[in-house]
Each structure stands twice: as C-alpha cells, then as structure tokens.
C-alpha cells in the first residue's frame with residue numbers, strides 16, 4: 001500500500017493553481033485591471049501547461065493503486081490526465097477573447113476551468129465508487145457555475161437551471177445505485193466487486209447497475225438521458241460548451257472503461273445488451289434530431305450526442321482493442337471539437353452569429369477560420385485525412401471483432417446521415433453569400449492568439465488522421481495498465 | 489530497384505498533397521503563380537505516371553514497385569503500395585487526365601487557390617486508391633477522392649434551368665456526395681466484415697486474398713458480402729439503377745472537375761470491384777457475375793437510350809458515360825480473359841475520351857453560354873479545332889476502328905459472345921444507339937449554316953489546345969497500336985481470373 005502523497009503532486013498543483021488564479025484576480029493592481037481577463041487566462045494556461053509538464057516528468061511506471069484502491073496513478077490515468085490538461089489549456093486559451101468581451105468574472109471562470117480539469121483527472125484515476133462519485137461532483141459543480149457565468153443572458157440562466165436540477169437528480173440516482181451495490185457486496189472498490197456480484201441476490205446488483213448507468217448516461221448525454229444537452233450547449237458561454245463536450249464526456253468514458261474493465265468484465269454478456277440499446281438510441285436520435293437544427297451550437301450538441309453513441313458502440317464491445325480505439329477516438333475528437341469551437345466562439349464574439357444561416361459568407365470574410373471549421377466538421381463526419389476517419393474506423397473495426405457487426409452497420413449509417421448536416425454548415429460558409437451590411441460582408445479574422453490555437457488544433461486533427469501510429473502505441477501501453485488487459 | 493522505381497508511387501500521392509499544402513500558404517492574389525504551380529504539379533504527375541507505367545515489367549507480372557511502411561501496428565494497417573498491370577494503366581490514365589484537368593482549370597477566373605487545393609486533394613485520393621495494396625488505405629484514398637467533390641461542384645459549378653426542370657449546383661453536389669458516401673457505407677461494412685472474417689490481423693490485400701483462397705472467407709460469407717461491395721463500388725462506376733447522381737453531377741460541375749470525375753473517378757468504382765470484389769471475394773464474384781453482366785448490359789442500353797433523349801451537351805456526355813461504363817461492368821461480368829481485358833482497356837479508353845469530350849463541351853459553353861444542341865449549329869466553320877476534336881471523340885465513342893473505343897468494345901463483345909451471346913447482342917445494339925445519338929448531335933451542332941450569334945466564337949485557346957492534344961494522343965494510340973497496353977493488362981487480368989478459378 002502506498003501512502004506516498006508526492007504521487008499526487010499534479011493534483012495538488014492544480015488545486016493550488018485554481019486558488020492562485022482567484023487570488024491574483026482579486027489582488028490585481030489598478031494598472032492591470034483593464035487586462036484582467038488576459039491575466040487570468042495567461043495564468044491558467046501557463047499554469048496548466050506547467051502542471052502538464054510536471055505530470056509527464058513525475059509519471060512513474062504503473063505505481064498501482066493508492067490508499068486501499070481509492071485512486072490509481074497508472075498509465076491509463078496518466079493518458080487521460082494529459083488529454084484533460086490539454087483540453088483545459090485549449091479552453092482557457094480560446095476563451096481569452098470571449099471572456100474579455102462577454103463576462104465580468106474572468107478569475108472565477110479560469111479557476112473553475114482548472115477545477116473541472118482536476119475533477120476530470122480524478123475521475124480517470126478513481127478506483128472505487130465513492131471516489132468516482134466525488135470526482136464527478138467536483139467536475140459537475142465546476143461546470144454548473146461555468147454554465148451560469150454568462151450573466152445577463154437569459155438563455156444562460158435557463159441552461160444553468162436545467163443543468164443543475166437534472167444534474168442533481170442524476171447524481172442522486174447514481175448514488176442510490178452505488179448504495180445498492182455497496183449494500184449487496186460490502187465493497188466499493190471496482191476490483192473487489194468483480195467476483196462478488198454473482199454471489200448475491202441477483203435483482204439488487206442489477207437495479208444498482210441500472211441506476212449507475214442512468215446516472216453516468218446523464219453525464220454522457222446518452223439517449224434517453226440527453227434532454228438537457230441542447231439547451232445547455234446553446235445557453236452556456238461557448239468555451240464552456242466546448243469544455244462540456246470534450247472534458248466531461250471523455251472523463252465519464254474513462255471512468256466507465258475502468259469500472260467495466262476492473263469490476264464487471266466477467267458480466268459483459270449481461271451489461272452488453274443495455275449498452276447496445278443505449279448506443280442504438282443515442283446514435284439514431286442524435287443524428288435524426290441534428291438534421292432539424294438551425295443553431296450551430298445546438299447542432300454541435302446533437303452531433304456530440306451522436307459521437308457519444310459511437311463511443312457506446314465501443315463500450316458495449318469492450319475489449320482491449322476497443323478500449324484503445326475509444327481512447328484514440330476521444331483524443332481525435334478533442335482536437336476536432338476544440339478546433340470547431342474556437343471558430344464558433346470567434347464568430348459569436350466578433351459577428352454575433354450563432355445560426356447556421358448566419359454563417360453565410362464566412363469563407364470570404366475569413367478564409368482561414370472557414371477552412372478550420374470545415375476541416376473539423378469533415379473530421380466529425382469521419383472523412384479522411386482528418387482524425388475522425390481513422391478513429392471511427394478503429395472503433396468500428398474493434399466492435400466488429402467482438403461480433404457486433406450489425407451494430408457497426410447502424411453506426412456507419414448514422415455517420416453517413418451526419419455528413420448531411422455538417423455539409424449544411426459548410427454550404428452556408430462557402431456557397432451562400434453574406435447579406436449586405438452584415439459583419440460577414442467585410443473582413444473578419446481570428447485574433448492572433450486564437451489563430452495560433454486554431455493552427456495547433458488543426459495540425460493535431462490532421463496529424464492524428466494521417467499518422468496515428470505513435471499515439472496509438474502510447475494508448476496501447478496505457479490500457480495495458482487496466483486489470484483484465486494486463487500484459488496483453 | 490532504382491531510386492525512382494522505389495519512390496515513384498508514393499511520390500504520386502505526396503506530390504498533389506504537397507501541392508495543396510504549398511498552395512494554402514500562397515497569397516490568394518498571386519493568381520498567375522497559383523496557376524503555374526497547379527499546372528507544373530499536373531505535368532510532374534503526368535511524367536511520374538508515365539514513368540510508373542513504363543517501369544512496369546509485364547514479363548514479370550504480379551505487383552511491382554512495391555513499398556511497405558508500417559503505419560498502425562495495433563490494427564495491422566501498413567502503408568503498402570504497388571501496382572499490377574491494371575493499376576499501372578489506371579495510373580497512366582490518372583496522369584493524363586490530371587495534367588489536362590490542371591491546364592483547363594487555369595482558364596477559370598475566380599479564386600484559383602482554393603480550387604487547385606481541392607483539385608489536388610482529389611487527385612491524391614485517386615492515385616492513392618489505384619496504388620494502395622492495403623485495404624484500409626484503399627478505402628482511405630477512395631473516400632479522400634470523394635470529399636472535395638462537394639465543394640468543387642457547390643462553389644464553382646453552374647446551375648442550369650431547363651424548360652421542364654432546373655438543376656442547382658448545390659442540389660447536384662449534395663446528391664452526388666450523399667449517394668457516393670452512402671455507397672461507400674456499404675463498402676465500409678464489407679471491408680470490416682472481410683477483415684474480421686479473415687482474422688489475419690492485417691489489411692494487406694495479398695494476405696486477405698490468400699485467406700479467400702484458403703477458404704477462411706467461406707462461400708456463404710462471400711455470397712452476402714459481395715453484393716455490398718458490388719453496389720458500393722458500382723455506384724461510383726455509374727451502375728444502373730444507382731447512376732442518377734452522375735449526369736446531374738456532370739452537368740453542374742465545372743469543366744476540369746467533370747473531366748476528372750468522368751475520366752478517373754468513375755474508374756475508381758470499377759477498380760474497386762476488381763480489387764476488393766474479384767480479388768478478395770472470388771467465390772462471391774463467381775456467384776454474382778451474371779447479375780453484374782446483366783446490370784452492365786442494362787447500363788449500356790439504358791444509358792444510350794437516355795442520351796438519345798437529351799439535348800444538353802453535358803447530359804448527352806453524362807449519359808453516354810453511364811452507357812460506356814456499362815461495357816466495363818459487362819466485361820467484368822463475363823469472367824472471361826478477353827472480356828475482362830476489354831473492360832480494363834475500356835476504363836482507360838473511356839477515361840481519356842470522356843475527358844476530351846468535357847474539355848470541348850466546356851470550351852463551347854464558355855464561349856456560347858449554352859449547351860443546348862438545338863440552339864448550337866454550324867460550329868465547324870467557327871471553331872474548327874474544337875469541332876474536329878469533338879467529332880474524333882464522338883467517333884471513338886461509337887467505336888470506329890482505329891480509335892481506342894473500338895479495341896476495348898470489341899474485346900468486351902468477344903468476351904460476351906463467348907459466355908452469354910444474348911447479352912452480347914443486346915450490348916451491340918447499345919453501341920448502335922450510341923452511333924445514332926453521337927452522329928445526330930455532331931450533325932446538329934457542328935454542321936449546317938451557323939447562326940449570326942455564333943459569328944464571334946473563337947477557337948480553342950492555347951491551354952485548351954494543350955489539354956485536348958494530351959487527351960487525343962492516347963485515344964489514337966490505343967486505337968492503332970493497342971499491343972503495349974494489352975500486354976501490360978495481361979498479367980493483372982490473368983492473376984485476378986486465376987483467383988476466381990476461371
């Protein structure tokens with residue numbers, strides 16, 4: 001048993017960083033007050049980059065579990081922590097302009113982003129149910145406040161009300177499920193649950209498991225637990241939408257992979273049915289509803305639901321191969337979605353446009369941002385040379401190898417339909433002309449800061465798409481840390 | 489292998505990709521520079537293609553110029569390149585049409601930068617598909633070739649209003665891309681099914697073909713997967729009844745896109761049936777060959793009859809493409825070495841011929857602003873070169889001896905008569921209909937006394953002339969001296985048919 005707290009140095013540093021952002025924001029000298037949001041963004045971005053460096057430098061070969069299996073600091077956790085820190089850096093970076101223009105509390109904003117990253121990292125590390133629950137709440141509370149930070153915007157208020165109320169219910173449901181599992185087995189650690197679940201009266205773990213899935217399904221926005229998603233995505237400040245769509249989804253998926261792999265791999269035939277049903281529903285409802293959307297943020301909300309459906313296909317067919325493919329998909333999705341939101345956020349701040357029709361003429365107003373958004377949408381649709389092609393291909397191949405070829409057929413069809421609605425945005429940008437007098441009739445450009453980020457994310461999207469080998473090798477080493485896949 | 493032999497195939501993929509990347513960083517205002525880069529890249533591609541074609545040693549046969557680079561170990565995907573005889577000829581075709589297309593594209597006024605970027609991505613996809621011997625990369629490049637089509641047509645295309653209906657470029661672009669991607673969904677499922685069923689842990693086409701030969705892809709499996717592959721790829725080859733995207737797409741696409749599209753992109757479909765369908769699912773091909781044969785025959789007749797009813801030049805050429813791709817499908821369906829050779833040669837012949845057609849139709853349309861064969865007349869006395877070349881392409885199209893179409897179609901018919909004479913006879917009837925619509929069109933548009941409004945039409949400019957000349961050479965060369973082309977095809981055809989056991 002480890003009681004060596006130095007292993008958690010990155011986590012302590014992150015918590016400290018969140019406080020530091022708040023404190024600096026409070027005691028900022030008068031001269032810098034006008035650059036308040038820039039200062040907070042720089043501290044958060046640079047701070048998270050330093051934590052990322054520390055995380056990588058202090059990473060040790062699988063240290064196993066800590067504190068009676070509360071937390072794992074293995075390579076699987078490391079992989080996701082790196083992904084989350086990268087996401088946090090990108091979100092803080094892209095919100096520099098947005099927060100300055102639209103918000104009054106830059107310090108709080110960036111501190112909460114850091115806290116959300118901390119919560120997400122703990123979710124990927126959690127080795128037992130209660131730690132998992134607390135980490136989820138840490139992430140969720142940070143997101144609740146962030147969604148409501150768009151002060152003076154009624155949609156933001158509506159979004160936060162829905163998010164908090166439904167989130168609280170889902171947390172309660174999940175907690176009830178955890179209590180049933182604990183009551184039946186006397187254990188909360190994932191590894192001890194395995195082997196105990198079939199020795200108790202069957203309905204209790206089944207109901208417990210179902211409630212747990214419902215709670216996590218809410219965080220994932222899996223259909224039918226997705227109803228909050230479009231309103232929250234639309235109402236939340238755009239960088240926060242990016243954060244929810246990437247960070248909160250990936251963290252929940254990481255948690256689910258570890259839970260299923262460590263605690264329930266022996267019962268795959270039982271839970272596979274549930275996940276297959278969720279996957280089919282999520283993909284179908286996500287794509288079909290997305291077709292009817294007119295607001296870009298809502299469309300991206302439904303598109304993220306569809307992407308979750310693809311991930312559920314992989315989860316239902318969980319094996320080492322599909323765990324690898326899911327992680328690869330999440331990495332590619334992070335680059336892609338963050339690139340898309342960088343442009344969406346810019347268009348919202350500089351042109352005040354959120355509707356698909358409002359994107360008319362973006363290609364002539366800002367060729368670069370139109371190119372980035374097009375690349376991101378093509379990647380989401382799963383077209384080569386972008387990340388989405390190879391990551392979906394890997395995901396579907398892995399699922400087919402586990403005997404779910406028909407489910408793959410559904411997924412591929414959903415992917416086809418999704419191309420239709422992504423093309424609607426592309427068409428608006430490139431084919432339709434901006435009406436006279438609109439902000440898109442003249443020139444419009446990303447700020448140099450955002451442009452640098454967009455270049456980096458675009459390069460990442462293409463790099464994963466044309467040469468995924470090294471990343472995939474790294475991911476493979478990470479999933480080897482999971483119990484059932486040890487050494488395979 | 490010499491340095492060039494080792495790297496020529498990958499260079500053919502990297503060249504257009506690098507061109508696209510370089511163009512992204514060039515200022516959009518430097519139009520002359522952008523056009524120069526675009527044409528230079530096309531010329532280099534032509535040289536490289538010609539080199540690859542000549543480097544293929546038909547006496548040795550099999551896959552040559554092979555390269556393997558590890559890419560994604562976890563799934564067993566490698567970047568594998570190589571050409572057999574059929575692919576070598578297709579590479580040459582791509583080089584010719586790419587160069588001609590790049591030259592014609594320089595005639596456009598508006599925003600050449602984005603246009604050339606997308607055109608080069610398309611070309612990279614086409615080359616990649618023809619030279620990949622890894623199933624994953626085959627599909628990767630296949631999809632890459634499709635993606636730019638949407639933007640190329642939707643942005644730079646033209647909308648047309650006809651007396652009874654209208655076709656907007658957005659509609660045609662969306663229809664084309666959604667139909668092709670929908671078909672590629674079938675291919676995608678088929679590819680994953682083959683990979684999982686073969687259980688060889690690799691996408692190497694040679695290994696998967698061996699798995700088919702060993703019986704690991706059993707007959708029942710092949711029987712249900714083959715139709716997915718046949719329809720999936722067949723749609724891009726203009727297979728009836730899934731051909732409707734093709735004439736609409738041609739009508740709305742700008743000239744150089746039509747050239748590449750009908751010239752090489754449709755060949756990807758037929759090539760996919762050969763590579764994936766016939767090589768990896770030989771038993772399935774054997775079971776379904778008659779269906780393919782019949783559909784091909786329907787294509788020939790249906791396309792020809794539809795072309796007969798059209799007055800718009802681009803619709804006529806579009807439907808004639810559907811008809812001519814029918815010969816390819818027929819030839820594949822014969823499972824006969826002569827018929828199959830004819831099908832492969834027809835892919836090449838139709839590629840250069842139809843690209844020539846579109847070059848000339850584009851030239852006429854740009855000057856007269858109409859493509860209506862009932863309005864145009866007497867152009868032979870106004871645009872002599874354009875008219876002469878159009879008539880030449882028309883004669884190749886209806887199978888006049890001495891031109892490429894004749895050689896290819898005769899081989900297909902011989903193959904057809906050796907297997908299903910009735911279908912062969914129907915196919916020949918299709919060729920007769922072709923003669924009717926081509927000769928009628930030529931008579932209306934090029935002969936007679938020209939109206940006053942055509943007095944100021946100028947003949948082909950230098951760029952169009954270069955493009956047309958590039959395309960005419962192979963049309964005539966195959967027609968009078970087909971031996972070198974047939975020699976290259978022979979080992980490829982024999983290897984595929986040996987796998988089927990025919």
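Protein chains in written order, with this note's numbering: chain C, 1 to 488; chain F, 489 to 990. All C-beta atoms, glycine included, are put in the ideal place defined by N, C-alpha and C.
Notebook entry, point to check: With a Cβ-Cβ cutoff of 8 Å, do residue 106 of chain C and residue 99 of chain C count as a contact?
Noted result: yes
Note to self: For residue 462 of chain C, would you say it is in contact with chain F, using Cβ-to-Cβ distances shorter than 8 Å as the test?
What the structure shows: Judged by the 8 Å Cβ criterion, residue 462 of chain C is not in contact with chain F.
Next item on the list: Report yes if the C-beta distance between residue 756 of chain F and residue 900 of chain F is below 8 Å; otherwise report no.
Entry: With contacts defined as CB atoms closer than 8 Å, residue 756 of chain F and residue 900 of chain F fail to qualify as a contacting pair.
Next item on the list: Check distances from the C-beta atoms of the segment 400-434 of chain C to those of chain F and list, in chain order, the residues that come in under 8 Å.
Entry: 400, 401, 405, 408, 409, 412, 413, 415, 416, 419, 420, 423, 426, 427, 430 and 431
Next item on the list: Would you tell me roughly how many angstroms separate the C-alpha atoms of residue 781 of chain F and residue 817 of chain F, rounded to the nearest one?
Entry: 6 Å
Next item on the list: Identify which residue in C/123, C/214 and C/226 has its Cα closest to the Cα of residue 290 of chain C.
Entry: C/226
Next item on the list: Pick helix, strand or coil for residue 487 of chain C, following the three-state DSSP scheme.
Entry: Because residue 487 of chain C carries a pLDDT of 45, less than 50, the predicted location of this residue cannot be relied on, and no value is offered for it.
Checklist line | Length-filtered (4 minimum) alpha helix (DSSP H) runs lying within the segment 272-317 of chain C | finding: 296-316
Note to self: Is the beta carbon of residue 534 of chain F closer than 8 Å to that of residue 583 of chain F?
What the structure shows: yes
Check: Where does residue 470 of chain C sit, in a helix, a strand or coil, going by DSSP?
Finding: Three-state result, residue 470 of chain C: helix.
Note to self: Please classify residue 152 of chain C as buried or exposed, where buried requires at least 16 other C-beta atoms within 10 Å of its C-beta.
What the structure shows: exposed
Notebook entry, point to check: With DSSP run on the structure shown, which of helix, strand or coil describes residue 234 of chain C?
Noted result: helix
Checklist line | Contact list for the segment 324-337 of chain C against chain F, Cβ threshold 8 Å | finding: Those residues of the segment 324-337 of chain C placed with their C-beta closer than 8 Å to a C-beta in chain F are 324, ordered along the chain.
Margin query: Which residues in chain C have a C-beta closer than 8 Å to the C-beta of residue 681 of chain F? List them in chain order.
Written below: 400 and 405
Margin query: If we require 4 or more residues per run, which alpha helix (DSSP H) segments fall completely within the segment 204-275 of chain C?
Written below: 229-235, 238-243 and 249-263
Next item on the list: Verify the CB distance criterion: does residue 492 of chain F have a CB-CB separation below 8 Å to chain C?
Entry: no
Notebook entry, point to check: Going straight from the alpha carbon of residue 487 of chain C to that of residue 479 of chain C, what length do you get?
Noted result: Any reading at residue 487 of chain C must be qualified, since the residue scores a pLDDT of 45, below 50, and its modelled position is unreliable; the value itself is stated next. Going by the C-alpha atoms only, they are around 9 Å apart.
Notebook entry, point to check: Start and end of the beta strand (DSSP E) containing residue 584 of chain F?
Noted result: From DSSP, residue 584 of chain F is part of no beta strand (DSSP E) but of the alpha helix (DSSP H) over 573-593.
Notebook entry, point to check: Around the C-beta of residue 622 of chain F, are 16 or more other C-beta atoms found within 10 angstroms, so that it is buried, or is it exposed?
Noted result: buried
Check: Which residues of chain F have a Cβ atom closer than 9 Å to the Cβ of residue 383 of chain C, listed in chain order?
Finding: 631, 632, 634, 635 and 669
Notebook entry, point to check: Going by the CB atoms, is the gap between residue 111 of chain C and residue 193 of chain C shorter than 8 Å?
Noted result: no
Notebook entry, point to check: Among C/114, C/319, C/203 and C/385, which residue has its Cα nearest to the Cα of residue 266 of chain C?
Noted result: C/319
Margin query: Whole angstroms are fine: how far does the CA of residue 881 of chain F sit from the CA of residue 842 of chain F?
Written below: 8 Å
Check: residue 1012 of chain F bridges to which residues according to DSSP?
Finding: Outside the displayed range of chain F (489 to 990) lies residue 1012 of chain F, so it cannot be described from this structure.
Note to self: What residue range does the beta strand (DSSP E) around residue 556 of chain F cover?
What the structure shows: Segment 552-560, the beta strand (DSSP E) holding residue 556 of chain F.
Next item on the list: Determine, using beta carbons only, whether residue 790 of chain F comes closer than 8 Å to chain C.
Entry: no
Note to self: Starting from residue 711 of chain F, trace the alpha helix (DSSP H) in both directions and tell me its first and last residue.
What the structure shows: 707-724
Margin query: When you compare the CB of residue 76 of chain C with every CB in chain F, is at least one pair closer than 8 Å?
Written below: no
Margin query: Mapping the DSSP letters down to three states, classify residue 670 of chain F as helix, strand or coil.
Written below: helix
Next item on the list: Would you please verify whether the beta carbon of residue 942 of chain F is less than 8 Å from any beta carbon of chain C?
Entry: no
Check: When you compare each of F/920, F/836 and F/936 to residue 891 of chain F by their alpha carbons, which one comes out closest?
Finding: F/836
Item checked: Within-8 Å CB hit, residue 723 of chain F to chain C -> For residue 723 of chain F, the answer is no, since every Cβ of chain C falls outside 8 Å of its Cβ.
Margin query: Assess contact between the segment 421-434 of chain C and the segment 322-335 of chain C, defined as three or more Cβ pairs (one per stretch) separated by less than 8 Å. Is contact present?
Written below: no
Next item on the list: State the beta-bridge partners of residue 4 of chain C as determined by DSSP.
Entry: In DSSP, residue 4 of chain C forms no bridge with anything.
Margin query: Looking at the secondary structure, which residues open and close the alpha helix (DSSP H) in which residue 727 of chain F lies?
Written below: Unbroken run through residue 727 of chain F: none, as it is neither H nor E.
Next item on the list: Consult DSSP for residue 567 of chain F and reduce its assignment to one of helix, strand or coil.
Entry: Reduced to three states, the DSSP call for residue 567 of chain F is strand.
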